[in-house]
Amino acid sequence: MRKSHLFRGFSAAALTTLTAGSLIACSTDSADNGENANASGNGDDATTQVVTSTSVWADVADEVLDDAEIEALITDPGQNPHHFEPAATDIATALEADLVVVGGGGYDAWLYEPIMEDAGEENIIHPLPLISHDHAHGHDHDHEHGEEGHEHDHEHGEEGHDHDHEHGHDHAHGDVHSVEGNEHIWFDVDAITQVAEDLAAKEEDADATAVVEQMDELRERLSNLPEATVAQTETIGDYLIDDSSLTDVTPTGYRQATLNHSEPAAADLAAFLEAIESGEVDILLYNPQTATDLTERIHGAAEENDVQIVTIGELPPEGTEFLDYFEEVVSELEDAAENVSSEQ
Numbered sequence: 001m002r003k004s005h006l007f008r009g010f011s012a013a014a015l016t017t018l019t020a021g022s023l024i025a026c027s028t029d030s031a032d033n034g035e036n037a038n039a040s041g042n043g044d045d046a047t048t049q050v051v052t053s054t055s056v057w058a059d060v061a062d063e064v065l066d067d068a069e070i071e072a073l074i075t076d077p078g079q080n081p082h083h084f085e086p087a088a089t090d091i092a093t094a095l096e097a098d099l100v101v102v103g104g105g106g107y108d109a110w111l112y113e114p115i116m117e118d119a120g121e122e123n124i125i126h127p128l129p130l131i132s133h134d135h136a137h138g139h140d141h142d143h144e145h146g147e148e149g150h151e152h153d154h155e156h157g158e159e160g161h162d163h164d165h166e167h168g169h170d171h172a173h174g175d176v177h178s179v180e181g182n183e184h185i186w187f188d189v190d191a192i193t194q195v196a197e198d199l200a201a202k203e204e205d206a207d208a209t210a211v212v213e214q215m216d217e218l219r220e221r222l223s224n225l226p227e228a229t230v231a232q233t234e235t236i237g238d239y240l241i242d243d244s245s246l247t248d249v250t251p252t253g254y255r256q257a258t259l260n261h262s263e264p265a266a267a268d269l270a271a272f273l274e275a276i277e278s279g280e281v282d283i284l285l286y287n288p289q290t291a292t293d294l295t296e297r298i299h300g301a302a303e304e305n306d307v308q309i310v311t312i313g314e315l316p317p318e319g320t321e322f323l324d325y326f327e328e329v330v331s332e333l334e335d336a337a338e339n340v341s342s343e344q
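Everything in the sequence shown is counted per full-length UniProt numbering, starting at 1 for the first residue and increasing by one.
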């Protein structure tokens with residue numbers, strides 16, 4: 001951490017060992033005895049209590065807030081956030097927080113829904129719209145999240161092998177948008193900027209300047225990437241692609257399956273491997289946190305065919321802050337795209 005904040009990450013395994021009985025006791029004590037609130041992690045009125053769904057938002061909050069106790073519920077880079085099940089104590093901690101930071105959409109609805117039911121959404125900071133319980137747990141994820149003032153047209157044309165995804169590149173600075181229902185919003189520089197500014201607006205001594213300037217720089221670097229084609233083992237890089245001249249050629253069927261969190265069909269895998277072997281793919285974006293036997297086959301094919309590979313995880317590696325990791329990812333994209341450009 002850049003500041004001396006208390007940043008505590010909870011592992012799912014550790015939290016699930018705590019009983020519902022201890023949660024009830026904790027909640028009752030907090031309600032009946034306000035002066036003992038410090039024992040439950042929310043007693044120092046001078047310190048802002050913040051709970052975030054992942055370490056990504058905790059790192060952003062840590063950069064912006066001057067005096068805060070920040071707790072991220074998912075910090076393990078080996079944890080697949082799509083399969084995270086919160087413990088009762090996770091929700092209890094969030095309910096006592098001053099601020100809760102989430103990505104929005106269905107990705108971390110498990111955290112914000114109980115808070116909305118208990119106290120509304122006034123203290124929930126989120127770049128994507130918050131969605132209803134039924135929608136959040138449908139797991140279709142092929143919905144549009146841009147209906148609340150985030151209109152942004154993305155034409156995913158189907159040409160050649162029926163998988164030339166043309167992302168629009170004309171959104172204005174500060175316009176948070178959703179790419180085809182993709183909830184990996186933390187790789188959108190505008191989303192990080194919005195969350196930082198929303199956090200700063202909540203606290204008098206907070207300052208989002210450093211984060212905003214860093215995102216402005218990354219936006220410019222992404223916009224200056226040379227043209228290249230990319231394919232993704234999972235749609236982790238949509239927002240990076242959208243801010244650049246890169247073109248996503250992931251086969252349509254494969255892409256839709258990953259958006260729906262389902263297994264791609266054999267034909268989708270075959271189309272992906274064919275695109276790699278035919279030289280259509282310049283860069284493979286590989287997400288190690290959603291690795292399967294299928295994605296390992298794709299990764300192996302990319303290596304065999306000398307395709308540039310950029311690894312992008314949902315969470316930064318252990319010991320690395322997200323804002324630094326974002327910089328590293330952009331640097332790796334720059335290197336890969338420049339290598340492709342030099343070979344053409």
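Where is the CB? At the ideal position from N, CA and C, for every residue including glycine.
Using 8 Å for Cβ pairs, my map puts residue i next to residue j. What's the rounded Cβ distance?
i, j, result
"Glu277", "Asn305", "6 Å"
"Asp238", "His184", "7 Å"
"Leu240", "Leu315", "In fact, because the Cβ distance is near 16 Å, the residues do not count as touching under 8 Å."
"Ile74", "Val50", "Not really, about 15 Å apart at Cβ, beyond 8 Å."
"Asp98", "Asn123", "6 Å"
"Asp242", "Ser223", "Between Ser223 and Asp242 the Cβ distance is about 11 Å, and since that is not below 8 Å, they are no contact."
"Asn60", "Val211", "The sequence shown places Val at residue 60, not Asn. Yes, they are in contact, since the Cβ atoms of Val60 and Val211 sit about 6 Å apart, within 8 Å."
"Glu203", "Thr48", "6 Å"
"Ala336", "Val310", "5 Å"
Quick check: residue i and residue j, are their CB atoms within less than 7 Å of each other?
i, j, result
"Leu284", "Ala302", "yes"
"Val281", "Thr320", "no"
"Gln308", "Asn339", "yes"
"Ala92", "Val100", "no"
"Pro77", "Gly300", "no"
"Ala231", "Thr250", "yes"
"Pro226", "Ser341", "yes"
"residue 345", "Val102", "Since the first residue of the chain shown is 1 and the last is 344, residue 345 is not available in this structure."
"Asn80", "Gln289", "yes"
"Ala46", "Ala58", "no"
"Leu128", "Tyr112", "no"
"Thr247", "Ile298", "no"
"Ala191", "Ala200", "no"
"Gly104", "His83", "no"
"Leu273", "Thr235", "no"
"Ser53", "Asp108", "yes"
Name, in chain order, the residues that DSSP records as bridge partners for residue i.
i, result
"Thr54", "Ile74"
"Thr229", "Thr247"
"Val310", "Leu285"
"Leu99", "Val50"
"Ile124", "Val100"
Any contact between the segment 56 to 73 and the segment 182 to 196? By contact I mean 3 or more CB pairs, one from each, below 8 Å. The count of Cβ pairs closer than 8 Å, one atom from the segment 56 to 73 and one from the segment 182 to 196, reaches three, so the stretches are in contact.
Determine contact between the segment 285 to 294 and the segment 202 to 219, defined as no fewer than three beta-carbon pairs at a distance below 8 Å. Because the criterion of three Cβ pairs below 8 Å is not met, the segment 285 to 294 and the segment 202 to 219 do not touch.
Report the start-end ranges of each beta strand (DSSP E) in the segment 184 to 234 that is 3 residues or longer and not cut off at the edges. Qualifying beta strand (DSSP E) stretches, in chain order: 228 to 232.
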